[in-house]
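Numbered per this note's numbering, the sequence shown spans residues 7 to 199.
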Amino acid sequence: VLSGYNFRKDYIKELDAAIEEATTAGLGIIAMKTLAGGFWDRQRTQPINTKAALKWAMNNSKITTSVPGMTTFDQLKSNLDVAKDLKLTPQEIQDLKLGQTANLSGLYCQGCQRCLPQCPKSLPIPDMMRAYMYAYGYRNLQAAHELVAELNLPDNPCEGCDTCSVSCAFRFNVREKLVDINRLKAVPGDFFA
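Structure follows, in structure tokens:
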């Protein structure tokens, strides 16, 4: 079973209980989104400690394996090095708390969907936040563009809303991110091929 599993989940107790139930039933659990977007900021100046994030996920004995995204051999080597010693150092634990201590919202949307009933336009906010993470966290503009195109939102999805009524659990400025990532809609798809 594939599941998003990382240190940023605010419903980790419920997720751990579901994982326990699945493994008791004989299922293996594959953790994905273990790096929680890879960066704390859009400008990519504050990277998440990816080794610590991967260690955190793999410290759950019920997680069979993980599938962190890799695009370089250096990333592959770094991820394989984690398997040698899964013990989190005090500094790594501190690094994983950076979002709380520095009041950073990060790029990772946990998909809790609390935002959906708050939006008067019923916009697919978690999907758009995922596209935002693809673009700014992973620098995968093609994946971001494909997702935005698939959603087929109007050019200005927030038109008519003077202020955004959505209060994100991760403190995202939802309107700003929606308008920003929706700009990809205007770029021809073959630009990314």
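Built from N, CA and C at the ideal position, the CB exists for glycine as well.
Because the structure is a prediction, the values reported are computed rather than measured.
Alpha-carbon to alpha-carbon, residue j and residue i
{"i": "D101", "j": "K127", "result": "37 Å"}
{"i": "Q124", "j": "F79", "result": "42 Å"}
{"i": "M64", "j": "T51", "result": "26 Å"}
{"i": "E20", "j": "I99", "result": "22 Å"}
{"i": "K15", "j": "S111", "result": "12 Å"}
{"i": "A31", "j": "F197", "result": "46 Å"}
{"i": "G105", "j": "M135", "result": "17 Å"}
{"i": "P163", "j": "L157", "result": "11 Å"}
{"i": "C49", "j": "Y142", "result": "In the sequence as displayed, the identity of residue 49 is Gln instead of Cys. Approximately 7 Å between the Cα atoms of the pair."}
{"i": "N85", "j": "E165", "result": "43 Å"}
{"i": "W62", "j": "A150", "result": "27 Å"}
{"i": "A42", "j": "C167", "result": "30 Å"}
{"i": "P194", "j": "Y114", "result": "26 Å"}
{"i": "G75", "j": "T169", "result": "36 Å"}
Simplified DSSP assignment, three categories, for residue i
{"i": "F79", "result": "helix"}
{"i": "I36", "result": "strand"}
{"i": "F176", "result": "coil"}
{"i": "F45", "result": "strand"}
Buried or exposed (CB count within 10 angstroms, at least 16 for buried), residue i
{"i": "L122", "result": "exposed"}
{"i": "A173", "result": "First, the amino acid is wrong: residue 173 is Ser here, not Ala. Its Cβ having fewer than 16 others within 10 Å, S173 is exposed."}
{"i": "D67", "result": "According to the sequence displayed, residue 67 carries Ser and not Asp. By the neighbour-count rule (16 or more Cβ atoms within 10 Å), S67 is not buried but exposed."}
{"i": "Q119", "result": "exposed"}
{"i": "Y11", "result": "buried"}
{"i": "A137", "result": "buried"}
{"i": "L82", "result": "exposed"}
Enclosing alpha helix (DSSP H) for residue i [first to last residue]
{"i": "G5", "result": "No statement about residue 5 is possible, as the shown extent of the chain runs from 7 to 199 and does not include it."}
{"i": "L21", "result": "18 to 30"}
C-beta neighbour in chain B for residue i, strict 8 Å
{"i": "Q81", "result": "The structure shown contains no chain B; it is built from a single protein chain."}
(request) List in chain order: all unbroken alpha helix (DSSP H) runs of 4+ residues lying wholly within the stretch 129 to 173. (result) 131 to 142, 147 to 157
(request) Pick out the complete alpha helix (DSSP H) segments inside the stretch 62 to 129, 4 residues or longer, and give them in chain order. (result) 79 to 88, 96 to 102, 104 to 107
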